[in-house]
Amino acid sequence: MSKSEIALRKLNRPLRVSEAVRLGIPPAALYALEAQGKAERLERGVFVATDLHPLKHPDLAVAALRAPRAVVCLESALFFHDMATHIPSSVSVAVQRGDHRPRGTSPPVTAYSFSSRSYASGVETHMLDGVCVKIYSREKTLADCFKFRNRVGMDIVLEALHDYCSGPRRVDELLRQARACRMEQVMRPYLEAVL
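If you count the sequence shown from 1, position 184 lands on 183 in numbering that gives the first Met the number 0, and the numbers rise without skipping.
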């Protein structure tokens, strides 16, 4: 077993080529491990050891590795928080207005530009498959879904609202996030109907 293979297995998570280089693993070694079937390429420049346990959130982990400053939002955050029943066709991420928009095909990524204030509000950090992933809180996600209701679909927004209200809820935080997204007046009638 080569040093590169040992290092990749020891990390026990997806790894970017740039990070591998910092750890002393040359890119050629990663490609050789892929050719031998000991490493799998999840996306251009992202590898994982093949004998690892299956990843629970591979799309979110790869998206976070590809765009570390991006925050998982909208349908992807709803699905992560178990507030949606449909599986998103792409990973939705928020980027600060003016920042680089991540692209890629595996997984497909849909990027939304947020103002500095909206981008920074309600961010939580979760460790998924050994990767630090930024995801908006349940309250921020719900407020954002109301803001982007024409893109997300009102049926998905209402399903998320019902799921939110049926579980643990922080109404004060939800109203704070609604104000931050300028959605308080839009959300208030729906909240009064279900609370």
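Beta carbons are placed, not taken as given, at the ideal position from N, Cα and C, and that holds for glycine. From a predicted model like this one, the values you see are computed outputs, not experimental measurements.
For the pair A179 and E138, the Cα-to-Cα distance works out to about 11 Å. A direct Cα-Cα distance of roughly 13 Å separates V70 from R96. Restricting attention to V185, S89, A63, K146, the CA atom closest to the CA of M126 is found in A63.
Taking G121 as reference, the option from A66, L174, G36 with the minimal CA-CA separation is L174. The residues L10, N11, R12, P13, A60, in chain order, have a CB closer than 8 Å to that of G129 in the same chain once the five nearest residues on each side in sequence are set aside.
By the CB criterion at 8 Å, L22 and A48 fall outside the cutoff. The beta strand (DSSP E) runs lying completely inside the stretch 11-95 and spanning 3 residues or more are 38-42, 45-48, 90-95, given in chain order. Closest in alpha carbon position to M186, among S165, G166, A159, P167, is A159.
C131 sits in a strand when the DSSP states are folded into three classes. The stretch 162-170 and the stretch 76-83 touch, with no fewer than 3 CB-CB distances between them shorter than 8 Å. A distance of 8 Å or more separates the beta carbons of T124 and A76.
In this structure, the CA atom of Y135 is about 9 Å from the CA atom of D143. R65 is classed as buried because its beta carbon has at least 16 other beta carbons within 10 Å across all chains shown. Annotation for S3: I24, A28 place their beta carbon closer than 6 Å to its own, counting only its chain and skipping 5 residues before and after. In the DSSP annotation of this structure, S165 is not part of any beta strand (DSSP E); the continuous alpha helix (DSSP H) holding it starts and ends at 153-165. Selection V156, H56, D50 evaluated against G36 yields D50 as nearest (Cα-Cα).
Beyond the five residues adjoining it in sequence on each side, G152 comes within less than 6 Å, by CB distance, of no other residue in the same chain. In this structure, P106 sits near S89, with a CB-CB distance shorter than 8 Å.
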